[in-house]
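Trainee: In order, the protein sequence lines correspond to chains A and B.
When we follow my numbering, the leftmost residue of the first sequence carries the number 14, and every step to the right adds one.
When we follow my numbering, the leftmost residue of the second sequence carries the number 14, and every step to the right adds one.
Using N, Cα and C, we set each Cβ at its ideal position, and we do this for glycine too.
There are 2 protein chains.
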Amino acid sequence: MHTSAVEDYLKAVCEIGRTEETVTTSALAARLDVSPASVTGMVKKLAVMKLVTYERYYGVALTNAGRRIAIEVIRHHRLVETYLHEALGVPWDEVHAEAEKWEHVLSEDVEARMDEALGHPTNDPHGAPIPTPTLELVEPDWPPLARMDAGTKAVVAEVSDDDPELLRYVGGLGLYPGTALEVISSAPYSDGPVTVRVLDGDQRGAEHAVGHRAAAHLFVRDVK
Amino acid sequence: MHTSAVEDYLKAVCEIGRTEETVTTSALAARLDVSPASVTGMVKKLAVMKLVTYERYYGVALTNAGRRIAIEVIRHHRLVETYLHEALGVPWDEVHAEAEKWEHVLSEDVEARMDEALGHPTNDPHGAPIPTPTLELVEPDWPPLARMDAGTKAVVAEVSDDDPELLRYVGGLGLYPGTALEVISSAPYSDGPVTVRVLDGDQRGAEHAVGHRAAAHLFVRDVK
DNA sequence: GTTAATTTTTAGTCTTCCCTAAAACAACTG
DNA sequence: CAGTTGTTTTAGGGAAGACTAAAAATTAAC
Ligand SMILES: [Mn+2]
Ligand SMILES: [Mn+2]
Ligand SMILES: [Mn+2]
Ligand SMILES: [Mn+2]
Chain A
14 MHTSAVEDYL KAVCEIGRTE ETVTTSALAA RLDVSPASVT GMVKKLAVMK LVTYERYYGV
74 ALTNAGRRIA IEVIRHHRLV ETYLHEALGV PWDEVHAEAE KWEHVLSEDV EARMDEALGH
134 PTNDPHGAPI PTPTLELVEP DWPPLARMDA GTKAVVAEVS DDDPELLRYV GGLGLYPGTA
194 LEVISSAPYS DGPVTVRVLD GDQRGAEHAV GHRAAAHLFV RDVK
Chain B
14 MHTSAVEDYL KAVCEIGRTE ETVTTSALAA RLDVSPASVT GMVKKLAVMK LVTYERYYGV
74 ALTNAGRRIA IEVIRHHRLV ETYLHEALGV PWDEVHAEAE KWEHVLSEDV EARMDEALGH
134 PTNDPHGAPI PTPTLELVEP DWPPLARMDA GTKAVVAEVS DDDPELLRYV GGLGLYPGTA
194 LEVISSAPYS DGPVTVRVLD GDQRGAEHAV GHRAAAHLFV RDVK
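1) Roughly how many angstroms lie between the CA atoms of V52 of chain B and L41 of chain B, to the nearest whole one?
2) Where does P142 of chain A fall in DSSP's three states?
3) Helix or strand or just coil, what does DSSP make of P157 of chain B?
4) Just the residues with CB closer than 5 Å to a heavy atom of ligand 3, in chain order, which are they?
5) Whole-angstrom Cβ separation of Y189 of chain A and A227 of chain A, contact assumed at under 8 Å?
6) Compare the C-beta of W155 of chain B against all C-beta atoms of chain A and say whether one is closer than 8 Å.
7) Taking only three categories from DSSP, how would you classify G79 of chain A?
8) Run through chain A and tell me which residues come within less than 8 Å of R88 of chain B, C-beta to C-beta.
9) In chain order, what residues of the same chain have a beta carbon less than 7 Å from the beta carbon of P142 of chain B, not counting five sequence neighbours either side?
10) So, are the CB atoms of G248 of chain A and D235 of chain A less than 8 Å apart?
11) Please list the terminal residues of the continuous alpha helix (DSSP H) segment that includes T53 of chain B.
12) What are the start and end residues of each continuous beta strand (DSSP E) run of 3 or more residues lying completely inside the stretch 64-131 of chain B, in chain order?
13) Exposed or buried, what is Y22 of chain B when buried is set at 16 or more other beta-carbons lying within 10 Å of its beta-carbon?
14) What residue does the alpha helix (DSSP H) around V26 of chain A start on, and which one ends it?
15) If you pair each beta-carbon of the stretch 65-80 of chain B with each one of the stretch 24-37 of chain B, do three or more pairs fall below 8 Å?
16) Using a Cβ-Cβ cut-off of less than 8 Å, give me the residues of the stretch 78-104 of chain A that come near chain B, in sequence order.
17) For A222 of chain B, which residues in the same chain have their Cβ closer than 6 Å to its Cβ, ignoring the five residues on either side in sequence?
18) Please name the residue, chosen from A:A112, A:M55 and A:Y71, that lies closest to E34 of chain A on a Cα-to-Cα basis.
19) Classify V183 of chain B as helix, strand or coil using the three-state DSSP reduction.
20) Taking 8 Å as the threshold (beta carbon to beta carbon), is V118 of chain A in contact with chain B?
21) Taking V123 of chain A as the query, report the chain B residues whose CB atoms sit under 8 Å from its CB, ordered along the chain.
22) Going along chain A in order, which residues have a C-beta closer than 7 Å to the C-beta of K114 of chain B?
23) Helix or strand or just coil, what does DSSP make of D174 of chain B?
24) How about E111 of chain A and V123 of chain B: do their beta carbons lie closer than 8 Å?
25) Any heavy atom of ligand 2 closer than 7 Å to the Cβ of A25 of chain A?
26) Find out if the Cβ-Cβ distance for the pair M161 of chain A, A167 of chain A is shorter than 8 Å.
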């Protein structure tokens with residue numbers, strides 16, 4: 014088996030690779046809250062273990078073996094988040110921190126039982142897709158709310174899950190995955206707020222000014 | 014916070030202290046599957062942290078601070094075992110290994126939610142008492158079945174939880190905590206089997222010869 | 001009451017994962 | 001294309017937790 018440090022590194026490579034072309038040492042250091050020198054050291058070990066390919070100054074990429082482990086950990090993480098939320102009522106801003114620990118200790122047997130108990134969910138409480146048991150994962154790249162024009166109707170697809178305060182804020186506005194909304198006004202190239210009307214859920218009809226930072230971490234899919 | 018190594022040591026001191034007068038280095042080494050030299054090193058660190066008192070060649074004892082941590086970990090362990098068994102249907106011979114890992118990562122919030130979801134259970138699937146939220150724990154020392162005389166009627170109180178094979182064997186005989194039985198024949202000072210009639214549960218009426226090792230790890234309370 | 005066997009401790013290492021400070025390198029900038 | 005800036009690597013260490021081998025203390029055996 015692998016240490017949880019190894020699992021966290023591989024997961025981070027996978028997650029950064031979702032948006033960035035190349036995964037750099039400093040991007041990993043920032044995400045894992047670790048010094049760049051530590052990343053260099055660990056990445057060299059991962060390369061020896063054939064879990065990543067790595068060329069100095071050119072970044073890191075997962076091998077097939079490394080990707081399998083990364084997706085396994087992501088499956089654990091998102092399944093645990095979903096289980097904590099659905100079965101135990103843990104609020105959506107707290108599940109991430111707990112899952113960050115559980116993902117490393119969950120057995121395959123209990124993973125399967127959670128999946129079964131939940132009826133094989135496809136998305137976690139923040140809208141992110143849960144990898145299949147055979148470790149397939151497609152992560153669509155929804156545009157952030159911040160980039161939508163006034164007049165657009167859209168549905169919340171996914172919210173970044175690692176900032177509890179942001180999640181409480183967004184939740185307070187009634188903007189959960191699946192919630193429909195209409196963009197009232199938007200200031201695309203500034204850092205101003207995006208005003209939306211909520212069309213769904215407990216805040217149905219309400220109009221909210223969504224701060225820029227939140228709008229950048231809230232992803233939507235268009236509705237024709 | 015403490016490392017899981019620290020938590021495991023404190024738990025082991027507490028558990029050995031349940032039956033033994035003094036907790037020796039070698040007893041800890043055997044239970045934790047670690048060399049005696051490693052135990053000496055760790056125990057010195059625990060003494061510096063004021064979690065145990067320790068005198069060379071005379072063994073280890075928990076301080077109040079150390080006992081609190083130990084019982085907290087035991088509460089986590091037994092609550093997780095119960096939750097896995099009741100809520101997810103994990104068989105009673107598998108819950109221990111999983112709980113051994115989960116006990117170190119469970120937050121107080123999720124602990125409370127599991128407790129609530131289960132209706133504040135008092136005993137884990139093996140019959141061991143679950144410490145209260147305020148960390149009170151009384152562990153009665155039931156006599157083992159191996160020491161019961163022929164003719165005695167008794168109820169299964171607790172079964173050792175760390176040997177899956179033994180649990181499968183005992184479970185196959187229908188002997189779960191709460192099951193009533195009658196001792197048909199017993200060979201107290203030999204290592205022969207104890208023959209019992211099951212008075213309860215799915216094996217009601219059956220007669221079984223319980224092997225000596227199992228009878229030594231199966232604890233009962235008398236019934237008048 | 002010595003000697004022998006057992007238990008415990010000391011001494012010296014190893015591995016894993018992280019750190020800081022300084023040197024090396026790559027990429028802009030004018 | 002020389003200088004500035006930012007990134008990455010090297011060099012040197014540290015904390016945890018474990019190990020082996022050998023010394024010391026305790027206990028058991030003649
Ligand atoms: Mn993690
Ligand atoms: Mn999530
Ligand atoms: Mn443990
Ligand atoms: Mn148990």
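Mentor: Let me spell this out:
1) 7 Å
2) strand
3) strand
4) B:D21 and B:E113
5) At roughly 13 Å, the Cβ-Cβ gap does not stay under 8 Å, so Y189 of chain A and A227 of chain A are not in contact.
6) no
7) helix
8) Within chain A, no residue comes near R88 of chain B; the closest Cβ sits about 17 Å away, beyond 8 Å.
9) T135, N136, L150, V151 and E152
10) Outside the displayed range of chain A (14 to 237) lies residue 248 of chain A, so it cannot be described from this structure.
11) P49 to V61
12) 65-68 and 72-75
13) buried
14) S17 to T32
15) yes
16) L97, A100, L101, G102 and V103
17) P206 and T208
18) A:Y71
19) helix
20) yes
21) L97, L101, V103 and E111
22) V118
23) coil
24) yes
25) no
26) yes
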